[in-house]
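Below is one structure, written out as C-alpha cells, with a few remarks after it.
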Amino acid sequence: MAQKKHLNDFLSSRIIGRPECGRTHQEVSEELGIAQSVISRLWQRFQDGDNMSRCYSTGRPRVTMPNEDWYLEVTAKRNRRSKALDLSRQLSSATGTIVSKQSVYRHLGHIGLCTRRPVRCVPLTVTHCRL
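FYI, in the numbering used here the residues of the sequence shown are 89 to 219.
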C-alpha cells in the first residue's frame, strides 16, 4: 500500500510551477517522486481557480457574509437593549438576508456580546408585597 504524504504549500507551488514551464505530468511525477494522479489533481484545482490547499469545513455553509456579520455586530453595539429578533429583522431589512434569532444569539456569543432576552415575570399580588 502506498504511503500518504501531505503536501505543504511550498511543494504544491513547485508542482504547479513545473507544468506551467511546459513539462508533462509524467516528467514532474518522476522528478519529484509523487504519483501522477496527485499532480494532475493539483493542476486541475489550480486550473479551476480553487485554492491549492484544502480547507475542511464542518458541513453547513454560512448564511451571512463577513460584512453582514459586521453590520450585525455594529447594530448590536449601538442598540444594547435590542432583542435578537429585532436584530435579525434589521439585518433582513437592510441586506435581504434572513437569519434566525438563534443564529444571532450564537454569532453575538462568539464575539462576546449578548442580546436582551425577554423575561416573563410572574405578577405579584398584594400578599406578596407584604412579605
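In this text, a Cβ means the ideal position worked out from N, Cα and C, and glycines have one as well.
Test item: CB-CB of Glu-156 and Thr-185 under 8 angstroms:
Looking up residue 156 in the sequence shown gives position 68. Looking up residue 185 in the sequence shown gives position 97. Contact: yes.
Thinking Tyr-159 and Ala-182 are a contact (beta carbons under 8 angstroms), I'd like their distance in whole angstroms, please.
As a working note, residue 159 is residue 71 in the sequence shown. As a working note, residue 182 is residue 94 in the sequence shown. Confirmed, about 6 angstroms.
Assigned exposure category for Ile-103 - 16 Cβ within 10 Å defines buried:
Numbered from its first residue, the sequence shown carries residue 103 at position 15. Label assigned to Ile-103: buried.
Could you tell me whether the Cβ atoms of Ile-199 and Glu-161 are closer together than 8 angstroms?
As a position in the sequence shown, residue 199 is number 111, starting the count at 1. As a position in the sequence shown, residue 161 is number 73, starting the count at 1. The criterion of a C-beta distance shorter than 8 angstroms is satisfied by Ile-199 and Glu-161.
7 angstroms Cβ shell around Ser-188 - same chain, five flanking residues per side excluded
To locate residue 188, count along the sequence shown from 1; it is residue 100. Cβ within range, chain order: Ser-176.
When the Cα atoms are used, what is the spatial distance from Lys-171 to Ser-125?
Residue numbering aside, residue 171 sits at position 83 when the sequence shown is read from its first letter. Residue numbering aside, residue 125 sits at position 37 when the sequence shown is read from its first letter. For Lys-171 and Ser-125, the distance between alpha carbons rounds to 53 angstroms.
Nonlocal neighbours in the same chain, by C-beta distance under 7 angstroms from Ser-117, ignoring five residues either side
Position 29 of the sequence shown, counting from 1, holds the residue named residue 117. Ala-123, Gln-124, Ile-127, listed in sequence order.
DSSP three-state label for Val-116, please.
For the purposes of this step, residue 116 is identified with residue 28 of the sequence shown, where counting begins at 1. Val-116: helix per DSSP, three-state reduction.
Cβ neighbours of Pro-107 in the same chain (closer than 8 angstroms, five flanking residues each side left out)
Walking along the sequence shown from the start, residue 107 turns up at place 19. Listed in chain order, the non-local C-beta contacts of Pro-107 below 8 angstroms within the same chain comprise His-113, Val-116, Ile-127, Trp-131, local neighbours out to five positions each way being set aside.
For Leu-179, which residues from the same chain have a beta carbon less than 7 angstroms from its beta carbon, with the 5 sequence-adjacent residues on both sides left out?
Numbered from its first residue, the sequence shown carries residue 179 at position 91. Excluding positions up to five away in sequence, the list reads Glu-156, Tyr-159, Leu-160, Thr-185, Val-187.
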